[in-house]
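One structure below.
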Amino acid sequence: MTGTHVIIIFVTIVTLLALYVFGTYRELVALLDRCKKAFGQFKEAEQQLATAQNASSPAAEITSLESRVAFSRQLFHDSVNNYNAYKHKSPTSVVAELLGHRDDVSLSGFEVKHTA
């Protein structure tokens, strides 16, 4: 007796047992069809869940990128403010005026502050 014979005998016994429990062959086929349909719906829901989980990943990436941009922007603003404060110290301000640096550095690049 080979492995194939054992499998055929096992499937036959399971089929006969299922026919005994579920009644007719038609009911067994209907149950099998419902199981196949439910399994198909399960696979579809699993794919949708995987797609939804992958869609949340770019949102986290965007949030991380926005955080890094905000940090860089704050660092730039702090550097500009430190430069302007340094430029207004007494010996530095005299040298800056002699060299023509009369305007403060702007934060956005479009606005110019004039010092009095």
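Residue numbers 85 to 200, in the numbering used here, belong to the letters of the sequence shown in order.
Ideal placement from N, C-alpha and C gives every residue a C-beta, glycine not left out.
Per-residue DSSP class, three states only, for residue i
i: T96; result: helix
i: V101; result: A quick correction: the sequence has Leu, not Val, at residue 101. Of the three classes helix, strand and coil, the one that applies to L101 here is helix, per DSSP.
i: G87; result: helix
i: T135; result: helix
i: G107; result: coil
i: D117; result: helix
Contact belief for residue i with residue j at Cβ below 8 angstroms, rounded distance in angstroms
i: L112; j: L103; result: 6 angstroms
i: K171; j: S163; result: With a Cβ gap of about 13 angstroms, K171 and S163 do not count as contacting.
Close-in-space but distant-in-sequence residues of the same chain around residue i (CB under 6 angstroms, 5 per side omitted)
i: A180; result: K171
Same chain, Cβ closer than 8 angstroms to residue i, five either side skipped, listed in chain order
i: E130; result: none
- Just list the alpha helix (DSSP H) runs in the segment 144-188, keeping only unbroken ones of 4 residues or longer that don't cross its boundaries, in chain order. 174-182
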